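Asks: So the sequence shown is residues 359 to 643, counted in our numbering. We put the beta carbon where it would ideally sit given N, CA and C, even for glycine. Treat the numbers as computed from the prediction; the structure is a model and nothing was measured. Got a structure here, written out as structure tokens. Questions coming.
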Amino acid sequence: MRGHECVVIDHSQCYVGIKQGKPSIHYKGQDLSDIDAIIPRIGASVTFYGSAIVRQFEVMGVISANPSQSITRSRDKLRCMQILSGAGIGMPITGFARRTRDVDDLIKMVGGPPLVIKLLEGTQGIGVVLAETKKAASSVIEAFYGLGNNILIQEYIKESRGTDIRAFVVDGRVVGAMKRTAKEGEFRSNLHRGGSAEVIKLNKTERETAVRAARELGLTVCGVDMLPSDRGPLVLEVNSSPGLEGIEKATHKDIASEVIAFIEKQYILKQQNRKDRKAKAGQKL
């Protein structure tokens, strides 16, 4: 509708050519050197390969809605939490360890049960467990460790009462927000887990927290998930490939157009910078 030609490309079927001064990407035998901009939609299970493809587009000078480095930062839940913690952004108390002998102190570190146990590689609420007692927490943690999984331990925010907030950030501003509520008997509010969504107006602190979280990770298009708490909004996760269907349905806003408008802006800036460089080169001659 905005006059652009759009194609959907499966990044897992792309392959790269690395050559001095001439990087390239091919897709099913077709050269993709004529692409102006990309909107990465990288699945959690293929973050490494997907980010490598995005990085190759960047090397070729193609505009990306999100930088490859920022995608990898956000996908690593531990790295994400470390970055946000260093920036002073509110979050649930979080613990990370690798040995079963450290479990008791780890549970104490996050305030004791009930507590939430998360797989580092989980998505859409998969691999998230609420442990209501110390014995249950120890059993689940030891089971995950026994299977070779890396996990995070987080305090359970009782006052959130099964709700969280998804703020959709584009180019440094919140363009839409919704409150998600878990279905009865469930503490995870993900829409993929049967949760419901409704439009919400963020307060100043919530809006500023979402924008800061996106900025600290270097993401220009993302969904910031926050828990309401007695000490303010607490960031749970920052999603670099957020879904549009749920938030557009809840807010009745055209969020997709906000993303396209951001890319148009970046393209205009790129063209202007190119003209400026040529003008300067002409003046030197």
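So the candidates are A572, R360, S496; which of them puts its Cα closest to the Cα of L464?
Replies: Of A572, R360, S496, the residue nearest in Cα terms is S496.
Asks: Under 8 Å Cβ to Cβ from D394, same chain only, skipping five residues before and after it: list those, please.
Replies: V420, I421, Y625, listed in sequence order.
Asks: Near L436, which residues of its chain fall below 7 Å by C-beta distance, leaving aside the five closest residues on each side in sequence?
Replies: Only F454, L478, L510 meet the Cβ criterion.
Asks: Please identify the residue among I499, P450, K476, G534 whose C-alpha is closest to the C-alpha of D462.
Replies: The shortest C-alpha separation from D462 is found at I499.
Asks: Quick one: complete alpha helix (DSSP H) runs, 4+ long, within the segment 577-617?
Replies: Segments of the alpha helix (DSSP H) lying fully in the segment 577-617: 603-609.
Asks: What does the alpha-carbon distance come out to for the pair P471 and M449?
Replies: Distance between the alpha carbons of P471 and M449: 17 Å.
Asks: At the level of alpha carbons, what is the spacing between G676 and K623?
Replies: Given a span of 359 to 643 for the chain in the structure shown, any question on residue 676 remains unanswerable.
Asks: If you measure between the beta carbons of S599 and G375, is that distance less than 9 Å?
Replies: It is not a contact, given that the beta carbons lie outside the stated cut-off.
Asks: Exposed or buried, Q414, counting other C-beta atoms within 10 Å across all chains shown (16 or more means buried)?
Replies: Looking at its Cβ environment, which holds 16 or more other Cβ atoms inside 10 Å, Q414 is buried.
Asks: I'd like the span of the alpha helix (DSSP H) that includes A572, first residue to last.
Replies: Its alpha helix (DSSP H) spans residues 562-575.
Asks: What's the C-alpha gap between V593 and D583?
Replies: Near 6 Å, if we compare the C-alpha coordinates of D583 and V593.
Asks: Answer with buried or exposed for H362, where buried requires no fewer than 16 other C-beta atoms within 10 angstroms of its C-beta.
Replies: Counting Cβ neighbours within 10 Å, H362 comes out exposed, since fewer than 16 surround it.
Asks: At 4 residues or longer, and completely inside the segment 451-534: list those alpha helix (DSSP H) runs for me, N to C.
Replies: Whole alpha helix (DSSP H) segments, 4+ residues: 461-467, 492-504.
Asks: What does a CB cutoff of less than 6 Å around T399 pick up in its chain, not counting 5 residues either side in sequence?
Replies: Checking the displayed sequence, the identity of residue 399 turns out to be Arg instead of Thr. Only S599 meet the Cβ criterion.
Asks: Please report the straight-line C-alpha distance between S382 and V417, rounded to a whole angstrom.
Replies: Each residue's alpha carbon lies about 9 Å from the other.
Asks: So, helix, strand or coil for V404, using DSSP?
Replies: Note: V404 maps to helix in three-state DSSP.
Asks: Would you mind reading off the limits of the alpha helix (DSSP H) that contains I441?
Replies: Segment 435-444, the alpha helix (DSSP H) holding I441.
Asks: What would DSSP say about E622, mapped onto helix, strand or coil?
Replies: Helix, per DSSP.
Asks: Going by DSSP in three states, H362 sits in which element: helix, strand or coil?
Replies: The answer is coil: DSSP assigns H362 none of H, G, I, E or B.
Asks: In this structure, does DSSP put I429 in helix, strand or coil?
Replies: Note: I429 maps to helix in three-state DSSP.
Asks: When we look at the beta-carbon of L575 and count the other beta-carbons within 10 Å, is it buried (16 or more) or exposed?
Replies: Buried is the call here.
Asks: Could you spell out where the beta strand (DSSP E) holding V374 opens and where it closes?
Replies: Counting along the chain, the beta strand (DSSP E) containing V374 begins and ends at 372-375.
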